[in-house]
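Data first, discussion second: the structure below is written as structure tokens.
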Amino acid sequence: MIANFRIWIGAAVFGLVVGCSSSSQQPSEDELAMVLANAEDSLVFIEGGEFRLGDVGQASGEPFSPLLENNKPPIMVTIQDFSMQSKEVTWGEFLVFLRDVGRAGNYTVENGFRNAARLPIESNDDPTSPNYALKPARSPNYSEAEEYCAWLAEKTNLPFAIPTEAQWEYAARNRGQRIAYATNTGELLLDDYLQKTSVDPLKPVTGNVLIHSSFAVERRPVGSYQPSPLGLYDMTGNVPEWTRDWFQSGYGHLDASNPVASEPGEGPDNLKKSVRDIAGYGDHSGGLATVYARRAVSVDSPNQGFRCVVNHPEPIN
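So the sequence shown is numbered by the working numbering: it starts at 668 and just counts up by one.
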């Protein structure tokens, strides 16, 4: 209880520090220090190993994701040790970055970013707002998500980066275990938030995952549910997440060691990135909410969240 209280207080203070500032205002030293310290403190060390990437199938022999063919057959790969942020990047953190690099005012309807009418690229200190500082950011495109991790790398001298698809799945599956969901139990207990005709952002958390069934932009603050056994939050649900890989159907094109599709392939989705945690879109039929589901998404799409990894063989903290 004391530990949870300290975590809550730390999150509340963080929200106050980075919550609401003008898009043209450079972040203060305190804001920068808070974001950089939080990025390092949130890292979970993940010991590498060998696992089968892709839908390995249930013990019964049935696939976890029967509606998908793009994640089969699985292939054996090896992953080196790395660290991953335990939580998705928040609006508060993301806006400190955008203000620091002078792009916080770029993503407006007036500047041609039409999605801003639905979900602005901004941060505030209102817990009832979809843009509350502690809720997961939706990057306006893949490039800004990648640039955020690169910005962390520059500021901290640590090799932060967007996770590869293999890293993401390995972590979500508790180092490659045969599980369906990246929750505390490996099962789904849906929060009924967003399932009602009206939405109350102050409604207490229930269940162990948020998978909405509408186009609502509202989400829970990151880390609202119990973490996975590895200590990772929201790897199932809340928001879908970018990975570094260019999308190709199946995994036969990948190397067996530290695989990543670093170049676009051939086919109709060759200029799209692979997005994981499809449950973040609200899909949970036919195995689409499982940790094996993947989707090809245009690099200009504004609906994805993300987290960063540190590609270093030793624990950072």
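In this text, a Cβ means the ideal position worked out from N, Cα and C, and glycines have one as well.
What residue range is occupied by the uninterrupted alpha helix (DSSP H) comprising residue i?
i      : result
Glu814 : 809 to 823
Arg766 : 758 to 767
Glu707 : 696 to 708
Ala838 : 832 to 839
Does DSSP classify residue i as helix, strand or coil?
i      : result
Leu857 : strand
Ile983 : coil
Arg781 : helix
Ala847 : coil
Ala726 : coil
Locate the beta strand (DSSP E) running through residue i, then write down its first and last residues.
i      : result
Ala883 : Neither: Ala883 is in no beta strand (DSSP E) and is coded neither H nor E.
Val927 : Note, Val927: premise wrong, no beta strand (DSSP E); not H, not E.
Lys802 : Element bounds for Lys802: n/a, residue is neither H nor E.
Val964 : 961 to 965
Ser790 : That residue, Ser790, is in no beta strand (DSSP E); it is neither H nor E in DSSP.
Lys863 : Run containing Lys863: none; DSSP gives neither H nor E here.
Lys939 : 939 to 943
Using only alpha-carbon positions, find the residue among the options that is nearest to residue i.
i      : options                        : result
Ala784 : Pro969, Met743, Asn978, Ser941 : Pro969
Phe914 : Gly934, Ser727, Val723         : Gly934
Glu760 : Ser732, Asn791, Val744         : Asn791
Cys816 : Ala700, Arg911, Ser941, Asn925 : Arg911
Ala960 : Ser732, Ser727, Pro871         : Ser732
Ser727 : Glu789, Ile846, Thr903, Gly947 : Ile846
Val768 : Thr775, Leu801, Glu821         : Glu821
Tyr918 : Gln725, Gly716, Ile742         : Ile742
Thr775 : Leu801, Ile983, Leu710, Pro807 : Pro807
Trp835 : Pro926, Tyr809, Leu855         : Pro926
Val889 : Thr873, Ser941, Ala804, Glu814 : Ala804
Gln747 : Leu899, Pro694, Ala838         : Ala838
Ala946 : Leu786, Lys940, Asp858         : Asp858
Leu955 : Glu717, Ala704, Leu710, Leu734 : Leu734
Ser865 : Gln692, Lys754, Ile788, Ala883 : Ala883
Residues bridged to residue i by DSSP?
i      : result
Leu720 : Ile742
Gly972 : Glu908
Ala771 : Note: Ala771 sits in no beta bridge, so no partner.
Met992 : Any answer about residue 992 is impossible in this case: the structure gives the chain only from 668 up to 984.
Phe827 : Val977
Arg842 : Beta-bridge pairing links Arg842 to no other residue.
Val876 : Leu857
Hey, is residue i close to the ligand NAP, as in C-beta under 7 Å from one of its heavy atoms?
i      : result
Lys870 : You won't find the ligand NAP in this model; it holds no ligand whatsoever.
For chain C, find out if any of its Cβ atoms is closer than 8 Å to the Cβ of residue i; answer yes or no.
i      : result
Pro807 : The structure shown contains no chain C; it is built from a single protein chain.
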